Amino acid sequence: MKGRRMVPLLLLLGQLVAALEVPLDLPQPPTITSQSPKDHIIDPRENIEIKCEAKGNPDPSFSWTRDGAHFKIEEHPNVNMRPNSGTLEVDITKRRAESFEGVYQCTAENKHGKAVSDNIVVRQSRSPLWSKERLKPRVVQEGVSLVLPCEPPAGLPPPLIFWMDNNFQKLPQSTRVSQSLNGDLYFSNVRREDSRNDYICYARFPGTQTIQQKQPITVKVLNQAPADERMPSFLIPKDRHSSKVVLRGHKLDMECIAEGRPTPEISWTKDGSVLPAGRTSFLQFNKTLQIDDVSDSEEGVYRCTATNKFGSVHHTFHVTVKAAPYWISGPPSNLVLSPGENGMLTCRASGKPKPLIRWTKNVMPIESLEDDTMKVEDDMIIFRDVKTSNSAVYQCNVSNEFGYLLANAFVNVLSEPPRVLTPVNKKYEVIRNHRAMLDCSFFGSPIPNITWFKDSRSSTLDGDSYALHDNGTLEIRISRPRDSGKYTCVARNILGIFENHVFLEVKEPTHFLKQPEYQVIKRGRSVTFECKVKHDSSLTATMTWLKDDEELPDDDRFVVGAESLTITNVVDSDAGMYTCIMNTTLDHVSASAELTVVDTTPAPAVVDERPDPPTDLELTDQTKRSVVLTWIPGNEYNSHIKNFLIQYEDSLHHRGHWHNLTHVPGTKTSAHLKLSPHVHYTFRVLALNDVGWSQPSNPSQMYKTDPAAPDENPTGVQGLGTEPNNLIISWKPLTKLQSNGPGLHYKVMYREKKPGSEWITTNVANNSRFVVSGTSTFAPYELKVQAVNNYGEGPEPAVVIGYSGEDVPKSAPTGLRTVVRNSTMAEVGWKTVSDDSIRGFLKGYKVHYWRDHGVHRHHLDHVEKILTFSGNRSHGILPGLHPFSDYSFYVKVFNGRGEGPPSITKHFRTPEGVPGPPTSLVVSNPNLDSLTLKWSPPYDPNGHITGYTLKYQPVNNSNELGEEEVLALAANETSVTLPNLQYSTRYRFYLNAKTKIGAGPAITQEAVIMVDEERPASPFANVSSSVGDDGALISWEYWGSEKNVYVEYIANNSESEEEWQKELVNGSQNVKLKGLKGGLSYRVRVVAYGHHDQPLHSSDELVVTVPAMVSRQVDIATQGWFIGLMCAIALLILILLIICFIQRNKGGKYPVKEKEDAHTDPEFQPMRDDDCPFGEYSDSEDHKPLKGSRTPSNGTVKRDDSDDSLVDYSEGGDRQFNEDGSFIGQYSGKSISRETAEGPQSSEAPSPINAINSLNSFV
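Right under this line is the structure:
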């Protein structure tokens, strides 16, 4: 009994000790931090990974068992254990994956104990093929029931079943035709339209991502009288009663499929209670009842009922809930004790049937160990007066027939002075009158005692204003400005004292100075909502505007100012509720105002041709989530109604706003409407015909749906930091319609993604973001945001990975190296920085480099250039370098926050290259047969100049080159005299410099050998001009080598010499200046420019005078008398053309005899020139008749037996004659087109248009 009375005290002590996390720099047994799932299904096409990670001090070693025996990794060349890890990597390229199936268990061991993983059952996923049996057609009578079996092959994991046709379109399903849980397709009654030959069952195997197909099934429904109508009977289940066993936490699926005619409706009930809200789903058109996350309360009797107009039938399910072992208060926690202390490990679990609990120490059964300091009592191990020998890993195994739980918990016996793990001088911020939580995470053994002081440390902080939590956190229940200051956390135990300082800043709350107000505005006007807010000046604030709780429309008419929202040119859709939200990093406020838009002109009158609005709206079949709306159509006005539009108004959330709900075909007068919870619905209906929409009907009665928990969670959840110590969690909020009830807020859950981290939960209302302060820099976090209202929580949210804020990288690249590829390019390299040093998303590396100087020391660039290499690069190319130069560079890594520190600066030199051209080349001292050349060294020697090469050759007046002479010159020479040159001859000179790499480009020059008095001043001669109507022609002679030759001109009276105009010559020796003004004189010259647009040679100036008026010949084409004459001639030609065509195609009043005389030759007679002089008006050659044939205008070819036969002329017996005996129609046959146009008795002359058409047919 005494031992039992000590249990509560030991329990309290154990909870406190277990809350401590042992720093990894202290000795401790192994802890499994990550492992593969118990049922590990692998893809046979990919290498296998069996995960096992653990921590401890010293680092643990790893070993494995397979199927209960030691697994010798060294004997399996395909298997490798990852370094510093226990994870197995299996290469399946040489052996099949199935040969590695089995039950694996990992052991992590150091000198303080052994920890083991779960039994990991490794199985290969399988997707077997369907048997290729031939399926007989199913021939059935209309109205009977039918089952099409699927019978998919067993796969691992089980396949997903669906039915499609040959075109890969899903077969339509309904209350009459649906798929069962086993994949079979059930028809409650067949119809003739069910006849088809492509009922195909598909199975998708998720493990291998493959799809298998069953052979198509043909269904033929006989074309005869249908089966009789009848009451329902069940196809599934067969009997009236059945039993089901379901495990706690699993899904419960119950299925009822009935046949009958008409099609039965299925409903569900539970005896003695209601179905659990939020976890119940009705699937497959109410034929399947599904309950998620089953608990003990789901045990009982369920009833499904199938009903049609002939009766009903019932089936009852007796559901029993069993349970695999599960933790009541979580798995046992690690225990840290100091020598001589007492403690306890608790393995509190349950199950149905009650599970068996077994304890082991370092994987050895605890019963086999003799130790007076510990005692096992049911689910506890009690330790008294512990010693260092008690340090070990204890395993708790809980099992029953439905499963097992395995947990490792170590006992670590340590003597450690206290330490505080909270960062030093951490700053906390809180809004006035809000709660403040100051952390003091600590460790020590024995457990330290925590006390808090403020500023002067005159007294400890306790009393009603403060609360001290077991984890060391100090809670200030209501923060006031006087609470700002320095706080000291002191941790004491028998081994020492440790203190830490943090700071608290109490900020002023955000509040409104002016809120937006209700506005009524006319359409087309502008409106402004004001929103003035005051906030603490030290906080960053952001103002956001919403319309009807959603983002503002993407429209330029919405202008958001610093303290206002302006909407210009207001339209009807702008009406609604506008909300101003001011967010700071610590708090937020919001205020709303409504905008009403009114007409500026009376509403237009109703158009009679549109249908009348529907009437007599009625709501029937009302349920929590649906209702049936019926109506009577209005007058259609001889235009059938195409469809109806159903709209609704939510007077609870958006009074006065009508929203489109659904469209209904014009042949229907009712609709089954799916509704959302917590909405006050009012419906109206509009009708549409070919003319347009009717006016809306009168509203229906209001239908209020009950509130419920949210059906969905917010989307767009993401986590990003803006500062190195924060994380901003944001999401897209739910609309009021999605909220399903009052009190909508969000449960924001986050935890750092590392072993042992616990979820931190906070509730956020009226905001779509939450700021987590005091985070580690760029740490991954798991995030969840769940919608909650007063009626419950939304579904379990998905986990999203976010990252806290980045900071600039803290390390610089090392190991700089260079490889000079050539004289203008070098490759630089570096060692990349470690991931933890980047402290953000790696963007790349930047290489800063500059040219210190050329080796000749006269280049002092020092212009720094930067090349960016994206991604995790470790080398890059520096192009465009100067040869023979000294360069320096350093490297920085950068992330989204900025650049890290620079690396050390490294130097390199580029090798020699070919030099640039000499700086200048000047001709001097020309004589009758010699001259002197002087030059300057290259501006870019790019190395050591080893000499120069001079080449020269004569050039005649046609620019043909003579024999080339080559002269090698020393590096120190800067001039040379060339003797024995030909008198009065032009020479071209080429001079280039050389290094040991090679020769560089040459500089050129030309000169003429003659004495000074005979040598022309420039290479231009005989410059002359002539003035014409279209400008002044300037001509000259030129023998220079420059290609850039311009003619320049300027008005003679111009005051500025900078106004010369230029015309490029492009190799010609004349140009016409067209921009000269009459009555002015111009100075003209010809100029040759060098490489840098420097004028080298210029001709003498020439004065060109442009006359004020230049005589012009009269253009006859612009004279009035000539235009009139041409028009008269054209009119005469048109009249002659019309007369000619009329004579050719005239239809009667001349004797047949004349025709016979005119056509005695059976050959086709071409038109004579004197008959019509316009023979060029003919159709294309492809439409001309063959020689000896006749083609009538209607396109038929008549036989050519006799040209004299009246029967041929009149097409058989269809003869029509005028009074004088002539026949109507063209000579070549009866013209259908003319009969159509003129009538059979017409004797008028054809119009010109018909004449032209007839000509085309004839020709």
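For the sequence shown, position 975 matches number 1134 in our numbering, and the numbering has no gaps at all. Beta carbons are placed, not taken as given, at the ideal position from N, Cα and C, and that holds for glycine. All of these numbers come straight from a predicted model, not from anything done at the bench.
Residue i versus residue j - alpha carbon distance
i, j, result
"V280", "G603", "40 Å"
"T479", "G431", "15 Å"
"G1157", "D1088", "33 Å"
"T743", "G720", "18 Å"
"P968", "S932", "20 Å"
"R1145", "A985", "46 Å"
"A386", "N325", "30 Å"
"R594", "V661", "16 Å"
"G683", "C690", "23 Å"
"K1005", "V1052", "6 Å"
"I1439", "V649", "Residue 1439 lies beyond the range of the chain shown here (160 to 1418); nothing can be said about it."
"S1083", "I1193", "32 Å"
"Q945", "Y905", "6 Å"
"H1103", "G1121", "33 Å"
"V181", "V405", "41 Å"
"S600", "P490", "22 Å"
"H694", "K990", "48 Å"
"P331", "D353", "10 Å"
Own chain partners of residue i with C-beta closer than 7 Å, once the 5 adjacent residues on each side are dropped
i, result
"R1016", "A caution first: R1016 carries a pLDDT of 45, below 50, which makes its placement in the model too unreliable to give a value."
"I525", "W518, T519, V535"
"R616", "T647"
"N802", "H822, V823, P824, G825, L847"
"L183", "K214, N216"
"D707", "G735, M736, H813"
"T109", "Coverage of the chain is limited to positions 160 through 1418, which leaves residue 109 absent and any answer about it impossible."
For residue i, three-class secondary structure by DSSP
i, result
"T1078", "strand"
"K197", "coil"
"E952", "strand"
"F602", "strand"
"L1296", "helix"
"R389", "strand"
"F640", "Inspection of the sequence shows that residue 640 is occupied by Pro rather than by Phe. Three-state result, P640: helix."
"T130", "In the structure as shown, the chain starts at 160 and stops at 1418, and residue 130 therefore has no counterpart that could be examined."
"T547", "helix"
"K895", "helix"
"I191", "strand"
Other residues of its chain near residue i: CB distance less than 6 Å, five sequence neighbours each side excluded
i, result
"F1333", "Unreliable placement is indicated for F1333, whose pLDDT of 36 sits below 50; the coordinate value is still reported in the next sentence. Within the same chain, F1333 has close Cβ partners L1296."
"P640", "V665"
"S916", "R910"
"Q127", "This structure cannot speak to residue 127, because the chain is shown only from 160 to 1418."
"Q300", "L381, A386"
"S222", "T266"
DSSP bridge partner residues for residue i (one or two, in chain order)
i, result
"I740", "T703, S749"
"F561", "According to DSSP, F561 bridges with nothing at all."
"D412", "Q449"
"K613", "Y646"
"N216", "Q187"
"R1242", "I1209, V1262"
"F569", "V552"
Beta carbon proximity, residue i to chain C, threshold 9 Å
i, result
"G815", "The displayed structure is made up of one protein chain only, and chain C is not part of it."
Only counting runs of 3 or more residues, tell me where the beta strand (DSSP E) segments fall wholly within the segment 422 to 452, in order along the chain. 424 to 429, 439 to 442, 447 to 450
What ranges does the beta strand (DSSP E) occupy inside the segment 827 to 887, keeping only unbroken runs of at least 3 residues that lie completely in it? 829 to 833, 839 to 847, 874 to 879
For the segment 1028 to 1079, which segments carrying the beta strand (DSSP E) assignment without a break, of at least 3 residues, lie completely within its bounds, in sequence order? 1034 to 1037, 1044 to 1054, 1065 to 1068
3-residue-minimum beta strand (DSSP E) runs that sit fully inside the segment 333 to 381, ordered along the chain: Segments of the beta strand (DSSP E) lying fully in the segment 333 to 381: 336 to 338, 344 to 346, 355 to 364, 369 to 372, 376 to 380.
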